[in-house]
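Per full-length UniProt numbering, residue 1 is the first one in the sequence shown, and the count goes up by one each step. Note that the Cβ used here is the ideal one computed from N, Cα and C, for glycine as well.
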Amino acid sequence: CVLATTVGAVEWLGVAQTDTFFYHAWPRDQFHTSIPSSRKDDLLTFRVTQAGYPDPPPWLRCRPTSPRFPLSCYGHIPPQHNNNLSLEILACNRRTFEISRHEVQFRVVRSNASLPHRLEVFLPRLSIRNVARGAAFPPRTSRRPSLLSTLHHAWGARPPSALQLLDAATPRDRGKRIPPGGTGNEGVFVVFGSPRPFPPSIVGAAVVGMTGCPLRPPPADKALRAAHFAVDWCSLRLFTKSQGEGSPTSIEMRDGGDWPGGGVWGEEFHPPSPAPQTSRLVDFIVTVATAGVVALLLALLLAHVMCCRRQGRQTRDLTTAASVLARQSKVRQAATELRALSWKRGKNDQQSNKFIERPLDIRSSFGLPPVYDPHAQNTLQPC
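Here it is, written out as structure tokens:
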């Protein structure tokens with residue numbers, strides 16, 4: 001895609017806060033208008049990088065959900081990222097192979113909100129686009145209870161800004177693959193944060209999800225069952241984020257109360273002790289000796305079959321009747337005489353240059369030398 005390149009204007013998105021969920025979508029018409037020969041039905045492929053770098057920031061994920069949908073970039077802005085960010089978007093027209101270059105800038109400031117208690121759950125029938133547009137979290141004017149309002153009610157977080165959406169990721173972003181359902185979406189892992197501790201209803205839903213995941217029972221709390229869309233409560237995960245001064249962010253699993261641990265192990269993981277050192281010399285000697293003995297026995301058996309049990313000519317003659325030996329001797333003599341006669345007829349034919357029928361030897365009929373020369377030796381030769 002290097003036939004033609006056009007440079008678009010610099011776009012300023014505004015200000016974003018750290019430790020929050022970032023999402024922005026660019027419509028395809030914006031890139032089509034920057035390419036003069038592009039049409040609306042042309043397919044576009046995108047490449048998003050950080051200005052001056054070959055790759056995008058580690059926390060940013062950019063991919064079009066389909067060839068017809070807009071380009072969307074999303075991710076969780078880490079707390080240590082508190083400077084200006086410039087992105088470079090390259091849009092390539094797959095029909096004309098023209099490139100349009102766009103530059104996007106926005107500023108990242110540090111967030112003052114402290115949300116240590118966090119909840120993660122999987123929504124199987126939604127996508128990042130639905131979550132960002134508010135399909136999973138409808139406004140207060142809607143009569144349908146959303147997951148955010150449900151968690152507000154169960155958590156008791158007041159004011160509403162105390163419970164915020166911090167991150168959203170697809171199974172592909174986490175190295176998983178979940179077949180899409182009837183809606184065609186793989187699902188979304190969403191993370192919420194709150195300054196208040198976990199309420200008993202949410203902790204109880206996590207305990208039920210850990211103990212009865214094969215049955216997938218709904219949570220006991222009615223407020224958690226009020227969501228108008230499917231929620232995989234078996235994937236409910238609670239954790240606490242603790243951040244010390246001058247120390248990197250760490251994630252500690254909640255452990256206490258009626259919840260026996262928060263991780264896969266159910267308790268603090270203790271690595272196994274190192275295995276004692278053992279000598280493998282005896283095992284090596286036994287293995288080599290066993291293979292050597294078996295090979296020696298097979299060699300002796302083969303030698304016995306090849307040498308001791310082989311039948312020689314003298315042994316064969318001793319076990320054969322005299323009449324049979326006499327008949328075999330006469331057959332060999334007749335064959336020798338026929339070969340000698342054939343050789344003489346062929347020799348005379350070469351001297352006289354005349355055609356003589358030689359039914360006794362086929363090789364001499366084709367001008368080939370005889371196989372056996374009777375003048376070579378006078379002893380009887382086998383057939």
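At least three beta-carbon pairs within less than 8 angstroms, the segment 117 to 125 to the segment 25 to 35
With fewer than three CB-CB distances shorter than 8 angstroms, the segment 117 to 125 does not count as touching the segment 25 to 35.
How far does the alpha helix (DSSP H) with histidine 102 in it reach, from first residue to last?
Element bounds for histidine 102: not the alpha helix (DSSP H) but the beta strand (DSSP E), 98 to 109.
Compare the C-alpha of leucine 236 against each of Cys92, Arg280, Val190 and name the closest.
Here the closest residue by C-alpha is Val190.
Just to confirm the assignment, what range does the alpha helix (DSSP H) spanning arginine 28 have?
Judged by DSSP secondary structure, arginine 28 falls within the alpha helix (DSSP H) whose first and last residues are 28 to 34.
Who are the Cβ neighbours of glutamate 11 in its own chain at under 8 angstroms, not counting the five residues just before and after it?
Cβ neighbours of glutamate 11 beyond the five flanking positions: His102, Glu103, Val104, Gln105.
With phenylalanine 192 as the anchor, note down where its beta strand (DSSP E) starts and where it stops.
Per DSSP, phenylalanine 192 is one residue of the beta strand (DSSP E) stretching across 188 to 194.
Hey, how far is the Cα of alanine 162 from the Cα of serine 127?
Roughly 24 angstroms between the two C-alpha positions.
Nearest to asparagine 130 by alpha carbon, out of His270, His76, Phe69, Cys307?
Distances from the alpha-carbon of asparagine 130 to those of His270, His76, Phe69, Cys307 put Phe69 closest.
Pick from Ser273, Val294, Ser38, Ile77: whose alpha carbon is nearest that of proline 56?
It is Ile77 whose Cα lies nearest to the Cα of proline 56.
Can you find the residues in the same chain that come closer than 7 angstroms, C-beta to C-beta, to aspartate 173, ignoring five residues on each side of it along the sequence?
The beta carbon of aspartate 173 is closer than 7 angstroms to those of Arg61 in its chain, skipping five residues each way along the sequence.
Report buried or exposed for isoleucine 202, applying the criterion of at least 16 other Cβ atoms within 10 angstroms of its Cβ.
So isoleucine 202 counts as buried.
Return the residue from the list Arg47, Leu85, Pro36 that minimises the CA-CA distance to alanine 16.
Checking every option, the nearest Cα to that of alanine 16 belongs to Leu85.
Given that a residue counts as buried once 16 or more other Cβ atoms are within 10 Å of its Cβ, and exposed if not, what is cysteine 308?
The residue in question, cysteine 308, is exposed, as its Cβ has fewer than 16 Cβ neighbours within 10 Å.
Simplified DSSP assignment, three categories, for phenylalanine 284:
If DSSP states are grouped into helix, strand and coil, phenylalanine 284 belongs with the helices.
Beta strand (DSSP E) segment containing histidine 76, residue limits:
Membership of histidine 76 in the beta strand (DSSP E) is indicated by the continuous run 71 to 76.
Report yes if the C-beta distance between aspartate 232 and phenylalanine 21 is below 7 angstroms; otherwise report no.
At least 7 angstroms separates the beta-carbon of aspartate 232 from that of phenylalanine 21.
According to DSSP, is aspartate 19 part of a helix, a strand, or is it coil?
Looking at aspartate 19 - three-state DSSP - the assignment turns out to be coil, as it is neither helix nor strand.
Residue(s) in a DSSP beta bridge with valine 121
According to DSSP, which records beta bridges pairwise, valine 121 is partnered with Val190.
What does DSSP give as the partner residues of valine 231 in its beta bridges?
For valine 231, which the question treats as bridged, DSSP gives no partner whatsoever.
Can you grab the Cα-Cα spacing for the pair glutamine 50 / alanine 205, in whole Å?
Cα-Cα distance, rounded: 41 angstroms.
Could you spell out where the alpha helix (DSSP H) holding leucine 148 opens and where it closes?
Residues 147 to 155.
Do threonine 18 and proline 58 have their C-beta atoms closer together than 7 angstroms?
Annotated as distal: threonine 18 and proline 58, with beta-carbon spacing of 7 angstroms or more.
Alpha-carbon to alpha-carbon, phenylalanine 122 and proline 195
The straight-line gap separating the alpha-carbon atoms of proline 195 and phenylalanine 122 is approximately 21 angstroms.
How should histidine 270 be labelled, buried or exposed, when 16 other C-beta atoms within 10 angstroms of its C-beta is the threshold for buried?
So histidine 270 counts as exposed.
Do you know whose CA, among Arg94, Ile89, Pro197, lies nearest tyrosine 53's CA?
Per the C-alpha coordinates, the member of Arg94, Ile89, Pro197 positioned closest to tyrosine 53 is Ile89.
Proximity of proline 200 and tryptophan 155 at Cβ, strictly below 7 angstroms:
No. Outside cutoff.
Let's see if you can read the secondary structure: which residues bound the beta strand (DSSP E) around arginine 86?
The sequence as given places serine at residue 86; arginine does not occur at that position. Going by DSSP, serine 86 is part of the beta strand (DSSP E) stretching over 84 to 93.
Which first and last residues belong to the beta strand (DSSP E) in which alanine 168 is found?
Taken as a continuous stretch (DSSP letters only), the beta strand (DSSP E) holding alanine 168 covers 164 to 169.
Using only the alpha-carbon positions, how far apart do alanine 295 and threonine 319 sit?
If you take the alpha carbons of alanine 295 and threonine 319, they lie about 36 angstroms apart.
Report buried or exposed for glutamate 98, applying the criterion of at least 16 other Cβ atoms within 10 angstroms of its Cβ.
Buried, since its Cβ has 16 or more Cβ neighbours within 10 Å.
Which residues in the same chain have their Cβ closer than 6 angstroms to the Cβ of serine 37, if we skip the five residues on either side of it in sequence?
The answer, listed in chain order, is Thr96.
Rounded to the nearest angstrom, what separates threonine 336 and alanine 321 at their Cα positions?
When rounded, the distance between both Cα atoms is 23 angstroms.
Just reading off the beta strand (DSSP E) that cysteine 308 is part of, what are its end residues?
Where cysteine 308 is concerned, there is no enclosing beta strand (DSSP E), given that its DSSP letter is neither H nor E.
Inter-residue CB distance, valine 109 and asparagine 82 (contact presumed, cutoff 8 angstroms)
Between the beta-carbon of valine 109 and that of asparagine 82 there is about 6 angstroms, and that keeps the pair under the 8 angstroms contact cut.
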